[in-house]
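Report on the following structure.
Pasting the structure below:
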(Lines of atoms letter the chains of each structure in order from A and count residues from 1; the text may use other names and numbers.)
(Lines give C-alpha, C1' and ligand atoms only; values in the text may rest on other atoms or scores of the structure.)
Protein backbone atom coordinates (compact mmCIF):
# COMPACT_ATOMS: atom_id res chain seq x y z
CA UNK A 1 0.00 0.00 0.00
CA UNK A 2 1.27 3.40 -0.88
CA UNK A 3 1.72 5.83 1.98
CA UNK A 4 1.47 9.58 1.50
CA UNK A 5 2.46 12.47 3.68
CA UNK A 6 1.94 16.21 3.29
CA UNK A 7 5.06 18.36 3.28
CA UNK A 8 4.80 22.12 3.41
CA UNK A 9 6.66 23.84 0.60
CA UNK A 10 7.15 27.59 0.47
CA UNK A 11 7.74 29.10 -2.94
CA UNK A 12 8.60 32.79 -3.10
CA UNK A 13 8.14 34.55 -6.41
CA UNK A 14 9.59 37.83 -5.17
CA UNK A 15 12.98 38.37 -6.73
CA UNK A 16 15.39 41.21 -6.30
CA UNK A 17 16.06 43.15 -9.48
CA UNK A 18 13.89 43.31 -12.53
CA UNK A 19 11.39 40.55 -11.76
CA UNK A 20 8.64 40.42 -9.21
CA UNK A 21 5.79 37.91 -9.18
CA UNK A 22 6.47 37.01 -12.79
CA UNK A 23 6.64 40.64 -13.99
CA UNK A 24 9.87 41.68 -15.73
CA UNK A 25 10.70 45.36 -16.10
CA UNK A 26 11.40 46.40 -19.69
CA UNK A 27 14.50 48.52 -20.12
CA UNK A 28 15.77 50.79 -22.86
CA UNK A 29 12.92 53.32 -23.07
CA UNK A 30 11.90 56.01 -20.61
CA UNK A 31 8.11 55.94 -20.41
CA UNK A 32 7.08 59.42 -19.30
CA UNK A 33 3.63 59.38 -17.66
CA UNK A 34 1.97 56.51 -19.52
CA UNK A 35 -1.66 56.96 -20.55
CA UNK A 36 -2.65 53.92 -22.64
CA UNK A 37 -1.45 50.46 -23.65
CA UNK A 38 -2.60 48.18 -26.47
CA UNK A 39 -1.28 44.95 -28.03
CA UNK A 40 -2.78 43.34 -31.11
CA UNK A 41 -0.70 40.16 -30.74
CA UNK A 42 2.38 38.92 -28.88
CA UNK A 43 4.72 40.92 -31.11
CA UNK A 44 2.99 44.18 -32.02
CA UNK A 45 1.91 46.69 -29.42
CA UNK A 46 1.68 50.37 -28.56
CA UNK A 47 2.26 52.59 -25.54
CA UNK A 48 0.82 56.08 -25.39
CA UNK A 49 2.56 58.46 -23.02
CA UNK A 50 3.42 62.11 -22.51
CA UNK A 51 6.32 61.91 -24.97
CA UNK A 52 4.25 60.38 -27.77
CA UNK A 53 3.27 57.01 -29.22
CA UNK A 54 5.71 54.07 -29.13
CA UNK A 55 5.42 50.88 -31.19
CA UNK A 56 7.07 47.47 -30.90
CA UNK A 57 7.01 44.65 -33.45
CA UNK A 58 9.23 42.20 -31.58
CA UNK A 59 7.38 41.61 -28.34
CA UNK A 60 8.84 44.59 -26.54
CA UNK A 61 12.52 43.95 -27.20
CA UNK A 62 12.74 47.25 -29.08
CA UNK A 63 10.44 50.28 -29.30
CA UNK A 64 10.16 53.01 -31.93
CA UNK A 65 8.74 56.48 -31.33
CA UNK A 66 6.21 57.37 -34.05
CA UNK A 67 7.70 60.63 -35.37
CA UNK A 68 4.69 62.63 -36.57
CA UNK A 69 2.22 62.17 -33.71
CA UNK A 70 1.93 65.22 -31.49
CA UNK A 71 2.54 64.33 -27.86
CA UNK A 72 1.10 63.38 -25.48
CA UNK A 73 -0.62 60.29 -26.92
CA UNK A 74 -3.70 59.94 -24.71
CA UNK A 75 -5.83 57.07 -26.04
CA UNK A 76 -5.41 54.21 -28.53
CA UNK A 77 -8.35 52.61 -30.39
CA UNK A 78 -8.05 49.80 -32.95
CA UNK A 79 -10.62 47.90 -35.01
CA UNK A 80 -8.80 44.75 -36.04
CA UNK A 81 -5.10 44.72 -36.76
CA UNK A 82 -4.90 47.37 -39.50
CA UNK A 83 -7.14 50.37 -38.78
CA UNK A 84 -6.50 52.30 -35.62
CA UNK A 85 -6.77 55.76 -34.09
CA UNK A 86 -4.84 57.76 -31.52
CA UNK A 87 -6.11 60.72 -29.53
CA UNK A 88 -3.26 63.17 -29.08
CA UNK A 89 -3.00 66.24 -26.87
CA UNK A 90 -6.70 65.85 -25.96
CA UNK A 91 -7.87 67.31 -29.29
CA UNK A 92 -6.04 65.74 -32.28
CA UNK A 93 -7.02 62.52 -34.08
CA UNK A 94 -4.40 60.42 -35.90
CA UNK A 95 -5.19 57.35 -38.01
CA UNK A 96 -3.32 54.30 -39.32
CA UNK A 97 -4.45 51.83 -41.98
CA UNK A 98 -1.34 49.64 -41.97
CA UNK A 99 -1.25 48.29 -38.44
CA UNK A 100 0.48 51.29 -36.93
CA UNK A 101 3.48 51.54 -39.23
CA UNK A 102 2.43 54.99 -40.46
CA UNK A 103 0.00 57.58 -39.09
CA UNK A 104 -1.71 60.66 -40.47
CA UNK A 105 -3.65 63.40 -38.71
CA UNK A 106 -7.30 63.35 -39.76
CA UNK A 107 -9.04 65.82 -37.45
CA UNK A 108 -8.50 68.62 -34.95
CA UNK A 109 -11.21 69.40 -32.40
CA UNK A 110 -9.42 72.60 -31.40
CA UNK A 111 -7.39 73.37 -28.34
CA UNK A 112 -10.43 74.56 -26.40
CA UNK A 113 -12.21 71.20 -26.66
CA UNK A 114 -11.19 68.59 -24.09
CA UNK A 115 -11.53 65.09 -25.55
CA UNK A 116 -11.29 62.32 -22.98
CA UNK A 117 -11.62 59.16 -25.01
CA UNK A 118 -12.14 57.75 -28.50
CA UNK A 119 -13.55 54.38 -29.58
CA UNK A 120 -14.32 52.46 -32.76
CA UNK A 121 -15.77 49.03 -33.46
CA UNK A 122 -15.60 48.88 -37.25
CA UNK A 123 -12.78 51.29 -38.10
CA UNK A 124 -15.05 53.69 -39.98
CA UNK A 125 -17.46 54.89 -37.28
CA UNK A 126 -15.45 56.66 -34.62
CA UNK A 127 -16.82 58.10 -31.40
CA UNK A 128 -15.19 60.73 -29.19
CA UNK A 129 -16.35 62.20 -25.91
CA UNK A 130 -15.60 65.60 -24.44
CA UNK A 131 -16.55 67.25 -21.20
CA UNK A 132 -15.48 69.05 -18.06
CA UNK A 133 -16.49 69.00 -14.42
CA UNK A 134 -20.15 69.89 -13.99
CA UNK A 135 -20.95 69.80 -17.72
CA UNK A 136 -23.24 67.39 -19.52
CA UNK A 137 -20.49 66.28 -21.85
CA UNK A 138 -20.57 65.99 -25.64
CA UNK A 139 -20.37 62.86 -27.79
CA UNK A 140 -18.98 63.25 -31.31
CA UNK A 141 -19.54 60.75 -34.13
CA UNK A 142 -17.54 60.29 -37.32
CA UNK A 143 -18.96 58.19 -40.15
CA UNK A 144 -16.06 58.69 -42.57
CA UNK A 145 -13.11 57.17 -40.77
CA UNK A 146 -12.24 60.13 -38.60
CA UNK A 147 -12.14 62.76 -41.33
CA UNK A 148 -15.07 64.75 -39.89
CA UNK A 149 -16.96 64.66 -36.59
CA UNK A 150 -20.45 65.86 -35.70
CA UNK A 151 -21.86 66.23 -32.21
CA UNK A 152 -24.67 63.84 -31.33
CA UNK A 153 -27.87 64.56 -29.46
CA UNK A 154 -27.55 65.54 -25.81
CA UNK A 155 -28.25 62.87 -23.25
CA UNK A 156 -30.08 63.10 -19.89
CA UNK A 157 -27.17 63.52 -17.52
CA UNK A 158 -26.65 66.36 -15.06
CA UNK A 159 -23.17 65.83 -13.61
CA UNK A 160 -21.46 62.94 -15.40
CA UNK A 161 -19.36 65.01 -17.77
CA UNK A 162 -16.14 64.67 -15.77
CA UNK A 163 -13.84 61.84 -16.92
CA UNK A 164 -16.48 60.46 -19.22
CA UNK A 165 -15.87 57.34 -21.28
CA UNK A 166 -17.25 56.19 -24.60
CA UNK A 167 -17.32 52.63 -25.95
CA UNK A 168 -18.34 51.74 -29.49
CA UNK A 169 -20.06 48.35 -29.66
CA UNK A 170 -20.99 48.58 -33.34
CA UNK A 171 -21.40 51.06 -36.16
CA UNK A 172 -24.36 52.77 -34.50
CA UNK A 173 -24.30 51.24 -31.03
CA UNK A 174 -22.40 53.15 -28.37
CA UNK A 175 -22.44 53.40 -24.58
CA UNK A 176 -21.04 56.05 -22.24
CA UNK A 177 -20.25 56.28 -18.53
CA UNK A 178 -18.85 58.91 -16.22
CA UNK A 179 -18.37 60.07 -12.67
CA UNK A 180 -22.06 59.86 -11.82
CA UNK A 181 -24.27 56.83 -11.28
CA UNK A 182 -25.61 56.41 -14.85
CA UNK A 183 -24.66 54.50 -17.99
CA UNK A 184 -26.30 55.60 -21.25
CA UNK A 185 -26.68 53.83 -24.58
CA UNK A 186 -27.55 54.78 -28.15
CA UNK A 187 -28.41 52.38 -30.96
CA UNK A 188 -28.77 55.03 -33.67
CA UNK A 189 -25.31 56.58 -33.72
CA UNK A 190 -26.02 59.00 -30.90
CA UNK A 191 -29.26 60.54 -32.16
CA UNK A 192 -31.12 59.32 -29.06
CA UNK A 193 -29.94 58.05 -25.67
CA UNK A 194 -31.46 56.00 -22.87
CA UNK A 195 -30.25 54.82 -19.47
CA UNK A 196 -29.19 51.18 -19.14
CA UNK A 197 -27.70 51.21 -15.63
CA UNK A 198 -28.11 53.26 -12.47
CA UNK A 199 -25.96 52.79 -9.37
CA UNK A 200 -27.46 53.05 -5.90
CA UNK A 201 -25.81 56.35 -5.00
CA UNK A 202 -24.85 59.49 -6.89
CA UNK A 203 -21.23 60.43 -7.40
CA UNK A 204 -19.89 56.92 -7.89
CA UNK A 205 -17.40 56.54 -10.71
CA UNK A 206 -18.39 53.83 -13.19
CA UNK A 207 -15.92 52.06 -15.47
CA UNK A 208 -16.95 49.84 -18.40
CA UNK A 209 -14.83 47.05 -19.89
CA UNK A 210 -16.20 45.61 -23.15
CA UNK A 211 -14.60 42.25 -23.94
CA UNK A 212 -13.81 40.57 -27.26
CA UNK A 213 -16.42 37.87 -26.58
CA UNK A 214 -19.25 40.43 -26.40
CA UNK A 215 -19.58 40.68 -22.65
CA UNK A 216 -19.41 44.04 -20.91
CA UNK A 217 -18.14 44.25 -17.35
CA UNK A 218 -19.12 47.24 -15.23
CA UNK A 219 -17.14 48.29 -12.17
CA UNK A 220 -18.49 50.74 -9.59
CA UNK A 221 -16.25 52.71 -7.27
CA UNK A 222 -17.82 51.07 -4.20
CA UNK A 223 -16.43 47.66 -5.24
CA UNK A 224 -19.33 46.13 -7.16
CA UNK A 225 -18.77 44.24 -10.41
CA UNK A 226 -21.59 43.58 -12.90
CA UNK A 227 -21.70 41.88 -16.30
CA UNK A 228 -23.95 42.11 -19.35
CA UNK A 229 -24.17 39.62 -22.19
CA UNK A 230 -26.60 41.67 -24.32
CA UNK A 231 -24.81 44.98 -24.85
CA UNK A 232 -26.01 46.46 -21.58
CA UNK A 233 -29.73 45.82 -21.86
CA UNK A 234 -29.63 43.75 -18.66
CA UNK A 235 -26.99 43.26 -15.98
CA UNK A 236 -26.07 40.42 -13.64
CA UNK A 237 -24.36 41.00 -10.32
CA UNK A 238 -20.97 39.29 -10.13
CA UNK A 239 -18.91 40.38 -7.13
CA UNK A 240 -18.51 42.83 -4.28
CA UNK A 241 -14.92 43.61 -3.32
CA UNK A 242 -15.03 45.49 -0.04
CA UNK A 243 -14.53 42.37 2.08
CA UNK A 244 -11.04 41.93 0.61
CA UNK A 245 -9.92 45.49 1.18
CA UNK A 246 -9.66 46.48 -2.48
CA UNK A 247 -12.39 47.88 -4.64
CA UNK A 248 -12.46 49.89 -7.84
CA UNK A 249 -11.04 48.33 -10.99
CA UNK A 250 -8.50 50.33 -12.93
CA UNK A 251 -8.08 47.83 -15.74
CA UNK A 252 -9.73 44.54 -16.74
CA UNK A 253 -9.58 42.06 -19.58
CA UNK A 254 -10.93 38.52 -19.91
CA UNK A 255 -9.82 35.48 -21.87
CA UNK A 256 -12.80 33.20 -21.50
CA UNK A 257 -13.49 32.56 -17.82
CA UNK A 258 -10.03 33.79 -16.89
CA UNK A 259 -9.75 37.49 -16.10
CA UNK A 260 -6.96 39.88 -15.18
CA UNK A 261 -7.44 43.17 -13.37
CA UNK A 262 -5.81 46.01 -11.53
CA UNK A 263 -7.70 46.99 -8.40
CA UNK A 264 -6.94 50.02 -6.30
CA UNK A 265 -7.05 50.09 -2.51
CA UNK A 266 -10.35 50.70 -0.80
CA UNK A 267 -9.29 51.94 2.62
CA UNK A 268 -7.63 55.33 3.20
CA UNK A 269 -3.87 55.60 3.28
CA UNK A 270 -3.26 52.59 1.04
CA UNK A 271 -1.66 53.89 -2.13
CA UNK A 272 -0.87 50.56 -3.78
CA UNK A 273 -2.84 48.89 -6.53
CA UNK A 274 -3.09 45.11 -6.82
CA UNK A 275 -2.97 42.48 -9.53
CA UNK A 276 -6.08 40.31 -9.42
CA UNK A 277 -6.83 37.09 -11.27
CA UNK A 278 -10.08 35.19 -11.60
CA UNK A 279 -10.71 31.79 -13.16
CA UNK A 280 -14.51 31.76 -12.79
CA UNK A 281 -15.74 34.82 -14.70
CA UNK A 282 -15.12 37.20 -11.83
CA UNK A 283 -17.01 35.46 -9.04
CA UNK A 284 -13.85 35.00 -6.99
CA UNK A 285 -10.49 36.75 -7.19
CA UNK A 286 -6.95 36.06 -6.12
CA UNK A 287 -4.77 39.07 -5.31
CA UNK A 288 -1.04 39.68 -5.37
CA UNK A 289 1.23 42.69 -5.32
CA UNK A 290 2.14 44.49 -8.50
CA UNK A 291 5.79 45.45 -9.04
CA UNK A 292 4.93 49.15 -8.81
CA UNK A 293 2.28 50.78 -6.58
CA UNK A 294 0.84 53.03 -9.29
CA UNK A 295 0.30 50.61 -12.18
CA UNK A 296 -2.89 51.59 -13.99
CA UNK A 297 -3.19 49.38 -17.06
CA UNK A 298 -2.72 45.70 -17.82
CA UNK A 299 -3.28 43.94 -21.11
CA UNK A 300 -3.07 40.18 -21.68
CA UNK A 301 -2.68 38.61 -25.12
CA UNK A 302 -3.17 35.08 -23.85
CA UNK A 303 -3.10 33.34 -20.49
CA UNK A 304 0.68 33.71 -20.24
CA UNK A 305 1.72 36.90 -22.04
CA UNK A 306 0.65 40.20 -20.54
CA UNK A 307 1.80 43.77 -20.05
CA UNK A 308 1.47 46.30 -17.25
CA UNK A 309 2.30 49.98 -17.11
CA UNK A 310 1.83 52.79 -14.63
CA UNK A 311 2.13 56.49 -14.00
CA UNK A 312 5.78 56.31 -13.01
CA UNK A 313 6.89 55.34 -16.55
CA UNK A 314 7.84 51.69 -15.92
CA UNK A 315 6.67 48.99 -18.35
CA UNK A 316 6.48 45.34 -17.25
CA UNK A 317 5.94 42.09 -19.13
CA UNK A 318 5.00 38.60 -17.99
CA UNK A 319 5.30 35.36 -19.95
CA UNK A 320 4.00 33.20 -17.11
CA UNK A 321 0.61 34.80 -16.55
CA UNK A 322 2.14 36.57 -13.53
CA UNK A 323 1.50 33.28 -11.77
CA UNK A 324 1.94 33.28 -8.04
CA UNK A 325 0.81 31.13 -5.17
CA UNK A 326 0.38 34.14 -2.95
CA UNK A 327 -2.71 35.64 -1.39
CA UNK A 328 -3.11 38.97 0.36
CA UNK A 329 -4.56 39.33 3.85
CA UNK A 330 -6.18 42.69 4.62
CA UNK A 331 -7.50 43.95 7.89
CA UNK A 332 -7.87 47.45 9.27
CA UNK A 333 -9.29 48.82 12.51
CA UNK A 334 -10.90 52.23 12.62
CA UNK A 335 -12.43 54.67 15.14
CA UNK A 336 -10.40 53.16 17.98
CA UNK A 337 -10.01 56.45 19.87
CA UNK A 338 -7.45 54.94 22.25
CA UNK A 339 -5.65 57.56 24.37
CA UNK A 340 -1.86 57.98 24.19
CA UNK A 341 -0.59 59.19 27.56
CA UNK A 342 2.82 60.31 28.81
CA UNK A 343 5.28 57.46 29.52
CA UNK A 344 2.65 54.83 28.77
CA UNK A 345 2.12 52.26 26.04
CA UNK A 346 -1.08 52.22 24.01
CA UNK A 347 -1.69 48.96 22.17
CA UNK A 348 -4.17 47.39 19.81
CA UNK A 349 -4.38 43.87 18.38
CA UNK A 350 -5.36 42.34 15.06
CA UNK A 351 -5.91 38.59 15.38
CA UNK A 352 -5.45 36.33 12.36
CA UNK A 353 -6.75 32.77 12.12
CA UNK A 354 -6.26 31.32 8.67
CA UNK A 355 -6.22 27.67 9.63
CA UNK A 356 -4.45 25.00 7.63
CA UNK A 357 -6.26 21.87 6.45
CA UNK A 358 -5.32 18.40 5.31
CA UNK A 359 -4.27 19.93 2.02
CA UNK A 360 -3.06 23.33 3.18
CA UNK A 361 -0.48 24.08 5.81
CA UNK A 362 -0.07 27.27 7.82
CA UNK A 363 0.21 30.49 5.79
CA UNK A 364 3.78 31.78 5.50
CA UNK A 365 4.52 35.48 5.12
CA UNK A 366 6.15 36.66 1.89
CA UNK A 367 5.80 40.44 2.13
CA UNK A 368 3.88 42.93 4.23
CA UNK A 369 3.02 46.54 4.91
CA UNK A 370 1.59 48.38 7.93
CA UNK A 371 -0.76 51.34 7.59
CA UNK A 372 -1.08 53.92 10.36
CA UNK A 373 -4.19 55.95 9.69
CA UNK A 374 -4.24 57.74 12.04
CA UNK A 375 -2.21 58.54 15.15
CA UNK A 376 -2.91 62.03 16.44
CA UNK A 377 -0.21 63.62 18.60
CA UNK A 378 1.15 67.20 18.66
CA UNK A 379 4.77 65.96 18.60
CA UNK A 380 5.30 62.81 16.53
CA UNK A 381 8.97 62.75 17.53
CA UNK A 382 7.94 61.82 21.09
CA UNK A 383 6.43 58.53 19.91
CA UNK A 384 7.84 55.08 19.31
CA UNK A 385 5.79 52.65 17.19
CA UNK A 386 6.33 48.89 17.36
CA UNK A 387 4.73 45.83 15.77
CA UNK A 388 4.87 42.54 17.69
CA UNK A 389 4.03 39.07 16.40
CA UNK A 390 4.92 35.59 17.66
CA UNK A 391 7.68 36.89 19.92
CA UNK A 392 9.28 39.08 17.25
CA UNK A 393 9.29 42.86 17.72
CA UNK A 394 9.74 45.25 14.82
CA UNK A 395 10.30 48.94 15.44
CA UNK A 396 8.32 50.93 12.91
CA UNK A 397 9.16 54.47 14.01
CA UNK A 398 11.82 55.65 16.45
CA UNK A 399 14.40 58.41 16.80
CA UNK A 400 12.31 60.87 14.82
CA UNK A 401 13.75 64.38 14.85
CA UNK A 402 11.47 66.45 12.61
CA UNK A 403 9.04 68.62 14.58
CA UNK A 404 5.36 68.37 13.82
CA UNK A 405 2.17 66.50 14.54
CA UNK A 406 0.51 63.20 13.70
CA UNK A 407 0.85 60.12 11.52
CA UNK A 408 -1.78 60.35 8.78
CA UNK A 409 -2.07 57.83 5.92
CA UNK A 410 1.39 56.54 6.84
CA UNK A 411 2.43 53.30 5.13
CA UNK A 412 5.43 51.35 6.40
CA UNK A 413 6.85 49.41 3.46
CA UNK A 414 10.34 47.95 3.06
CA UNK A 415 10.24 48.78 -0.66
CA UNK A 416 9.63 52.50 -0.08
CA UNK A 417 12.36 54.88 -1.20
CA UNK A 418 12.50 57.07 1.92
CA UNK A 419 13.19 56.09 5.52
CA UNK A 420 10.73 57.20 8.18
CA UNK A 421 13.60 59.00 9.93
CA UNK A 422 14.06 61.18 6.84
CA UNK A 423 10.40 62.10 6.56
CA UNK A 424 8.37 64.91 8.04
CA UNK A 425 5.07 64.91 9.93
CA UNK A 426 2.36 63.91 9.26
CA UNK A 427 4.36 61.28 7.32
CA UNK A 428 1.75 60.83 4.61
CA UNK A 429 2.88 58.28 2.03
CA UNK A 430 5.12 55.22 2.02
CA UNK A 431 8.25 54.99 4.22
CA UNK A 432 10.79 52.37 5.13
CA UNK A 433 10.29 51.44 8.79
CA UNK A 434 13.02 51.98 11.36
CA UNK A 435 13.71 48.24 11.22
CA UNK A 436 12.71 46.15 8.18
CA UNK A 437 9.44 44.26 8.19
CA UNK A 438 11.24 41.49 6.29
CA UNK A 439 12.14 39.90 9.63
CA UNK A 440 8.56 38.53 9.64
CA UNK A 441 9.04 36.83 6.26
CA UNK A 442 8.67 33.07 6.47
CA UNK A 443 6.74 33.21 9.73
CA UNK A 444 3.24 31.87 10.24
CA UNK A 445 0.72 34.62 9.55
CA UNK A 446 -1.68 33.30 12.19
CA UNK A 447 -1.83 34.74 15.67
CA UNK A 448 -1.95 38.15 17.27
CA UNK A 449 -0.40 41.22 15.67
CA UNK A 450 0.07 43.92 18.30
CA UNK A 451 0.69 47.57 17.52
CA UNK A 452 2.30 49.46 20.40
CA UNK A 453 2.59 53.25 20.63
CA UNK A 454 4.82 54.52 23.43
CA UNK A 455 5.01 58.20 24.43
CA UNK A 456 8.47 58.78 25.94
CA UNK A 457 8.06 62.47 26.84
CA UNK A 458 5.86 64.53 29.11
CA UNK A 459 3.50 67.33 28.27
CA UNK A 460 1.62 66.01 25.21
CA UNK A 461 -1.05 63.37 24.78
CA UNK A 462 -2.66 61.89 21.70
CA UNK A 463 -4.96 59.28 20.21
CA UNK A 464 -4.58 56.04 18.27
CA UNK A 465 -7.48 56.09 15.83
CA UNK A 466 -6.83 53.62 13.02
CA UNK A 467 -4.28 51.16 11.68
CA UNK A 468 -4.15 48.10 9.46
CA UNK A 469 -2.15 45.21 8.03
CA UNK A 470 -1.58 44.14 4.46
CA UNK A 471 0.26 40.81 4.33
CA UNK A 472 1.11 38.67 1.35
CA UNK A 473 1.35 34.99 2.22
CA UNK A 474 1.67 31.53 0.68
CA UNK A 475 0.26 28.26 1.92
CA UNK A 476 1.23 25.66 -0.68
CA UNK A 477 1.67 21.98 0.01
CA UNK A 478 3.70 19.23 -1.57
CA UNK A 479 2.36 15.68 -1.49
CA UNK A 480 5.24 13.19 -1.64
CA UNK A 481 5.00 9.45 -2.01
CA UNK A 482 7.13 7.90 0.74
CA UNK A 483 7.54 4.77 -1.41
CA UNK A 484 9.61 6.92 -3.79
CA UNK A 485 13.10 7.08 -2.28
CA UNK A 486 14.73 10.45 -2.52
CA UNK A 487 11.64 12.24 -3.85
CA UNK A 488 12.73 15.89 -4.14
CA UNK A 489 10.92 18.84 -2.64
CA UNK A 490 11.41 20.71 -5.90
CA UNK A 491 8.49 18.79 -7.43
CA UNK A 492 5.15 20.22 -6.33
CA UNK A 493 1.45 19.83 -7.03
CA UNK A 494 -0.84 22.59 -5.81
CA UNK A 495 -4.50 22.74 -4.97
CA UNK A 496 -6.68 23.62 -7.94
CA UNK A 497 -8.31 27.03 -8.03
CA UNK A 498 -11.20 27.65 -7.74
CA UNK A 499 -12.38 24.64 -5.78
CA UNK A 500 -15.24 23.71 -5.91
CA UNK A 501 -15.50 24.75 -9.56
CA UNK A 502 -17.95 24.93 -12.45
CA UNK A 503 -16.96 24.09 -15.13
CA UNK A 504 -13.32 25.20 -15.32
CA UNK A 505 -10.46 25.20 -12.84
CA UNK A 506 -6.70 25.81 -12.89
CA UNK A 507 -4.17 23.19 -11.79
CA UNK A 508 -0.68 24.39 -10.99
CA UNK A 509 2.44 22.25 -10.61
CA UNK A 510 6.21 22.52 -10.46
CA UNK A 511 8.69 20.37 -12.39
CA UNK A 512 11.91 19.97 -10.44
CA UNK A 513 15.39 20.48 -11.78
CA UNK A 514 16.79 17.33 -10.15
CA UNK A 515 15.09 13.95 -9.79
CA UNK A 516 16.68 10.55 -9.08
CA UNK A 517 20.03 11.90 -10.18
CA UNK A 518 18.73 13.32 -13.45
CA UNK A 519 18.93 17.08 -14.04
CA UNK A 520 17.15 19.19 -16.62
CA UNK A 521 14.09 18.16 -18.63
CA UNK A 522 11.73 15.61 -17.09
CA UNK A 523 8.94 13.41 -18.45
CA UNK A 524 5.72 14.53 -16.80
CA UNK A 525 2.11 13.39 -16.83
CA UNK A 526 -0.91 15.04 -15.24
CA UNK A 527 -4.16 13.09 -15.35
CA UNK A 528 -7.65 13.37 -13.88
CA UNK A 529 -9.59 10.44 -12.41
CA UNK A 530 -13.13 10.00 -11.15
CA UNK A 531 -13.94 8.64 -7.70
CA UNK A 532 -13.87 5.05 -9.04
CA UNK A 533 -10.35 5.50 -10.39
CA UNK A 534 -11.32 5.78 -14.04
CA UNK A 535 -9.16 8.16 -16.07
CA UNK A 536 -11.30 10.99 -17.46
CA UNK A 537 -8.69 13.39 -18.85
CA UNK A 538 -4.99 13.64 -19.70
CA UNK A 539 -3.88 17.23 -19.24
CA UNK A 540 -0.12 16.80 -19.67
CA UNK A 541 1.90 13.94 -21.13
CA UNK A 542 5.38 14.80 -22.33
CA UNK A 543 8.82 16.15 -21.53
CA UNK A 544 9.00 19.54 -19.81
CA UNK A 545 11.72 21.88 -18.66
CA UNK A 546 12.04 22.63 -14.95
CA UNK A 547 9.65 25.35 -13.89
CA UNK A 548 6.14 26.09 -12.73
CA UNK A 549 3.18 25.49 -15.02
CA UNK A 550 -0.57 26.06 -15.08
CA UNK A 551 -3.10 24.00 -17.01
CA UNK A 552 -6.84 24.49 -17.25
CA UNK A 553 -9.23 21.57 -16.70
CA UNK A 554 -12.76 21.93 -18.07
CA UNK A 555 -15.27 19.45 -16.68
CA UNK A 556 -18.07 20.23 -19.14
CA UNK A 557 -19.74 16.95 -20.00
CA UNK A 558 -18.80 15.29 -16.72
CA UNK A 559 -21.08 14.65 -13.78
CA UNK A 560 -20.88 16.63 -10.58
CA UNK A 561 -18.79 14.98 -7.91
CA UNK A 562 -15.32 14.35 -6.52
CA UNK A 563 -12.37 13.99 -8.88
CA UNK A 564 -8.65 13.43 -8.34
CA UNK A 565 -5.70 14.74 -10.31
CA UNK A 566 -2.29 13.06 -10.25
CA UNK A 567 1.13 14.39 -11.20
CA UNK A 568 3.74 11.76 -12.10
CA UNK A 569 7.40 12.00 -13.08
CA UNK A 570 9.56 8.91 -12.74
CA UNK A 571 8.92 7.51 -9.27
CA UNK A 572 7.44 10.76 -8.03
CA UNK A 573 3.66 10.90 -7.68
CA UNK A 574 1.33 13.42 -6.04
CA UNK A 575 -2.47 13.39 -5.95
CA UNK A 576 -5.03 15.98 -4.90
CA UNK A 577 -8.81 16.08 -4.69
CA UNK A 578 -11.16 18.57 -6.36
CA UNK A 579 -14.93 19.02 -6.40
CA UNK A 580 -17.01 19.72 -9.51
CA UNK A 581 -20.39 21.31 -8.72
CA UNK A 582 -22.78 22.18 -11.53
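Residue numbers (the numbering used here): 2 to 583. Every residue gets a Cβ at the ideal spot worked out from N, C-alpha and C, and that includes glycine.
- Residue burial annotation: residue 533 is exposed, with fewer than 16 other C-beta atoms found within 10 angstroms of its C-beta.
- The region 345-356 makes no contact with the region 306-316; the number of CB pairs closer than 8 Å stays below 3.
- Per DSSP, residue 28 is not a residue of any beta strand (DSSP E), being assigned neither H nor E.
- In the three-state scheme derived from DSSP, where H, G and I count as helix and E and B as strand, residue 441 is classed as helix.
- With distances taken between CA atoms, residue 295 lies nearest to 276 out of 304, 276, 288 and 305.
- The bridge partners DSSP lists for residue 468 are 334 and 373.
- Nearest to residue 391 by alpha-carbon distance, out of 423, 143, 441 and 148, is 441.
- Listed in chain order, the non-local C-beta contacts of residue 530 below 6 Å within the same chain comprise 536 and 565, local neighbours out to five positions each way being set aside.
- Per DSSP, reduced to three states, the secondary structure at residue 422 is helical.
- For the options 234, 463, 568 and 524, the alpha carbon positioned closest to that of residue 510 is the one of 568.
- Residue burial is scored here from C-beta neighbours: residue 230 has fewer than 16 other C-beta atoms within 10 angstroms and is therefore classed as exposed.
- Inside the region 63-145, DSSP marks whole beta strand (DSSP E) runs of 3 or more residues at positions 74-80, 84-89, 93-97, 105-109, 116-121, 127-131 and 139-143, from first to last along the chain.
- For the pair of segments examined, the region 453-470 was found to touch the region 366-382: the number of CB pairs separated by less than 8 Å reaches three.
- Taking one beta carbon from each stretch, the region 168-178 and the region 187-199 have 3 or more pairs nearer than 8 Å; the two touch.
- Straight-line measurement puts the Cα of residue 125 at about 25 Å from the Cα of residue 302.
- In the displayed model, residue 383 falls within a helix according to three-state DSSP.
- Residue nearest to residue 297 within the set 308, 288 and 304 is 308 (criterion: CA-CA distance).
- The DSSP assignment places 536-545 and 548-555 as complete runs of the beta strand (DSSP E) inside the region 531-569, in order along the chain (cut-off: 3 residues).
- Inter-segment contact for the region 64-80 and the region 111-120 is present: three or more beta-carbon pairs are separated by less than 8 Å.
- Looking only at 291, 170, 189 and 181, the smallest Cα-Cα distance to residue 198 is reached by 181.
- Looking at the DSSP output, residue 494 shares a beta bridge with 510.
- The three-state reading of DSSP puts residue 179 in coil, since its state is none of H, G, I, E or B.
- In the structure shown, residue 428 falls within a coil segment according to DSSP collapsed to helix, strand and coil.
- In this structure, DSSP gives residue 212 a state outside helix and strand, which the three-state scheme calls coil.
- Spanning the alpha carbons of residue 400 and residue 382 requires a straight line of approximately 7 Å.
- Just so you know, the alpha carbons of residue 572 and residue 494 end up roughly 15 Å apart.
- Taking each of 447, 505 and 422 in turn and checking the Cα distance to residue 437, the smallest one comes out for 422.
- Exclusion of the five residues before and after residue 151 leaves 141 and 142 as the residues of its chain whose Cβ lies within less than 7 Å of its Cβ.
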